[in-house]
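Here the structure is laid out as structure tokens; the discussion comes afterwards.
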Amino acid sequence: SLKMASDSPESLMTLCTNYCLRNLEGTLCYLLDNETLRLHPDIFLPSEICDKLVNEYVELVKTDSIFEPHESFFTLFSDPRSTRLARIHLREHIVQDQDLEAIRKQDLIELYLTNCEKLTAKSLQTLVSFSHTLISLSLFGCCNIFYEEENPGGCEDDCLVNPTRQVLVKDFTFEGFSRLRILNLGRLIEGVNVETLLRPLASLAALDLSGIQLNDVGFLTQWKDSLVSLVLYNMDLSEEHIQVIAQLRKLRHLDISRDHLSSYYKFKLTRRVLNLFVENLVNLTSLDISGHTMLENCTIPSMEEKMGQTSIEPAKSSIAPFRGLKRPLQFLGLFETSLCRLTHIPAYKVSGDKNEEQVLNAIEAYTEHRPEITSRAINLLFDIARIERCSQLLRALQLVITALKCHKDDKNIQVTGSAALFYLTNSEYRMEQSVKLRRQVIQVVLNGMESYQEVTVQRNCCLTLCNFSIPEELEFQYRRVNELLLNILNQSRQDESIQRIAVHLCNALVCQVDNDHKEAVGKMGFVMTMLKLIQKKLADKTCDQVMEFSWSALWNITDETPDNCEMFLNYSGMKLFLECLKEFPEKQELHRNMLGLLGNVAEVKELRPQLMTSQFISVFSNLLESKADGIEVSYNACGVLSHIMFDGPEAWGICEPHREEVVKRMWAAIQSWDINSRRNINYRSFEPILRLLPQGISPVSQHWATWALYNLVSVYPDKYCPLLIKEGGIPLLKDMIKMASARQETKEMAR
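This is the structure we're talking about:
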């Protein structure tokens, strides 16, 4: 089903929501006084749509760097007569006091505020307006919501010296929240009296007190007839806590797990404690004891443990106290405990570090609220993907994508997640992945590159992009990916390996793409960036992959793109060409790339006069004799000269070398090439070659063009015969055969 789910297109609802949010002005809203968004007066939207708009908006602000948040977005939902909200999930800095204030008239049933650090005690007061309808509330990680600003003295001048002080609100309680059943107070700040806060709640069903230290939890027994879920993650437990928990006989889910790295714990789990839970909490279907140290051995003798087929039957359990269970648990959290490595564990789902299934269960269970655990689980997945083979690839990919989206600013998750993505997207897994899934990977990789200037993340992200077909698979984010890569290459201090990968990606991105793409990238500063890299390498006297890729990228980006050719000349490209030629006389690949690029420049009539100097013409003439890279360097040099000759004798504005002498050397070069040479070149169009056929001003240019076509259609007929026909080459060749000025051997070849 996962395969199907990830493959199916987005629902119409999702597509419409997304479109409206990206075009609020053109769809649901108009702009009042050019600044405030207002809903069109004839719109009424039910909660099914409004909830989705708000939740999707939060998601977009969080995960899409191009999406612009709106100051007045939440005011669109201020009037329940036109918009209804029921269940909303708000996260992080996206939401502020005035946003909650704006929707205070709504009858909210479910409100999740996760890590909303900008909310202050003003929002506690706003919560009271939802008290009569709210069933489910999360204030997880809202670390300032119990603080209000106290302005000492209230005088304006004094405030500059003595800024507002944060004062803890002591008198707020959940008085009047008569319907509240589900409450998450995870990571509540110290100093708030939890018991007083919760006392007014009549019948709590689920309570999360993650990361809160309470020495006395006796007050929990007031809900012993209603509490079905209790989370005490990272609470330092004692015997008293255990006795209280054992009285909560309705519990179906109990989580007393901990982060074993976080702090020193006195409490150790024993066989007796587990027995107590199994005996008293008869409805338990889910238990999490991850991160705990077992004080004594809870396992059955190892001889018995290894016997028979792996079983989830309680009677066969390798963990002795769980033999008392009536039925297997739905979930058992054993991450970072020794118990997860046993054979017979009486649960359908186990989180642990023994194998892929357990690791994926851990990532799934802890991503939302426990990034510190999740990053270690993803690290284990990274090892599995790298060393073994992932058997649940799609699930693994989706979980890592979710974790990276959810914790965009968590360095550990960004480092381990981006590394795992590299292994999960490589070629051996390619077949199993849909276009949609691969696009999601690209999106989170680009998010990571944007948010993190950190070397490891940047390297992992660049390496992951190399697993995709470029440019095709990156086309949908073309501008963005180019901007990010140029940004990396323009940094003053650079990591060698990242520089190499980024230049390689830049080169691939401008290879075989439309001219408008190339022009757009040129305008972003692509040409300048490559020339700077070349300049740096020249100064170091190194001709490495970065140097070669940079010239190759310039060759690609100038192909049939006159603006980029002009930029190359304006930014002293020719000076660098001559210096590289002089510094690296033996580097054949480099010579080929440089001359390919100059071939593109020579195709632009307006720029040819800039190539018309004694120095350049001598260099091109001498390269006619080059044997570098087969015929490629000689061929490209001859191509450059063919275009220059095509402008006629009157354009030859130099005394040395003589035009006739260069023409002679061109004929000699062409005659020396093997007509069956296999080629290191890729033509998207023959137009620049074909324009040299119908003319009598330069027979040698005509001959070069004919030789080029003959070679390409005879060595690669499947690729180039259709191109020649499509671009009207046949009639041009026929006409040329009739021309008096054409040389006999040229006509023979044309025939």
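At position 680 of the sequence shown the residue is numbered 680 (UniProt numbering), and the sequence of numbers has no breaks. Glycine included, C-beta positions come from ideal geometry on N, C-alpha and C. Keep in mind that this is a model prediction, so the values were computed, not measured.
About 7 angstroms separates the Cβ atoms of residue 255 and residue 232, confirming a contact at the 8 angstroms cut-off. If you look at residue 165, you'll find it in the beta strand (DSSP E) that goes 165-168. Our two residues, residue 425 and residue 628, have alpha carbons roughly 38 angstroms apart in a direct line.
The criterion of a C-beta distance shorter than 7 angstroms is satisfied by residue 300 and residue 318. In terms of Cα proximity to residue 280, the closest of 701, 641, 643 and 324 is 324. Inclusion of residue 105 and residue 69 in the CB contact set at 7 angstroms is not warranted, their separation being larger than that value. The C-beta separation of residue 592 from residue 632 comes to about 5 angstroms, placing the pair in contact by the 8 angstroms criterion. In terms of Cα proximity to residue 441, the closest of 452, 61, 459 and 467 is 467. Note on geometry: alpha-carbon atoms of residue 32 and residue 725 lie some 58 angstroms from one another. The beta strand (DSSP E) runs of length 3 or more contained entirely in the region 342-370 are, from start to end of the chain, 347-351. For residue 558, there is no enclosing beta strand (DSSP E); the residue is part of the alpha helix (DSSP H) that begins and ends at 545-558. With the rule of 3 Cβ pairs closer than 8 angstroms, the region 476-488 counts as touching the region 498-514. If you draw a straight line from the Cα of residue 312 to the Cα of residue 320, it comes to about 13 angstroms. In this structure, DSSP gives residue 24 a state outside helix and strand, which the three-state scheme calls coil. Of all alpha-carbon atoms in 189, 49 and 226, the one lying nearest the alpha-carbon of residue 206 is that of 226. According to DSSP, residue 30 shares a beta bridge with 38. Checking the DSSP bridge columns, you'll see residue 331 partnered with 286 and 349. Ranked by Cα distance from residue 168, the first of 149, 175 and 176 is 149. Residue 29 and residue 39 do touch by the CB rule: their CB atoms are close to 6 angstroms apart, below 8 angstroms. According to the DSSP assignment, residue 679 belongs to no beta strand (DSSP E), since it is labelled neither H nor E. A straight-line Cα-Cα distance of about 27 angstroms links residue 582 and residue 511. The closest CA to that of residue 88, considering only 19, 371 and 112, is found on 112. For residue 125, the closest C-alpha among the options 93, 94, 141 and 173 is that of 173. Counting C-beta atoms within 10 angstroms of its own C-beta, residue 396 has 16 or more neighbours from the protein chains shown and is therefore classed as buried. Look at residue 730 here: in three-state DSSP terms it is helix. The beta-carbon distance between residue 519 and residue 561, rounded to whole angstroms, is 6 angstroms. This is short enough to meet the 8 angstroms contact definition. In the structure shown, residue 685 adopts coil according to DSSP, grouped into three states. By the CB criterion at 7 angstroms, residue 350 and residue 334 fall inside the cutoff.
Going by DSSP, residue 706 is part of the alpha helix (DSSP H) stretching over 699-715. In this structure the region 630-648 touches the region 600-609; the number of beta carbon pairs closer than 8 angstroms is three or more. The bridge partners DSSP lists for residue 255 are 231 and 288.
Look at residue 691 here: in three-state DSSP terms it is coil, with no helix or strand label.
The alpha helix (DSSP H) runs of length 4 or more contained entirely in the region 43-101 are, from start to end of the chain, 47-63. The shortest CA-to-CA distance from residue 601 to any of 502, 532 and 573 is the one to 573.
Here residue 112 is bridged, per DSSP, to 89 and 138. With a cutoff of 7 angstroms on beta-carbon distance, residue 736 and residue 710 are scored as not near each other.
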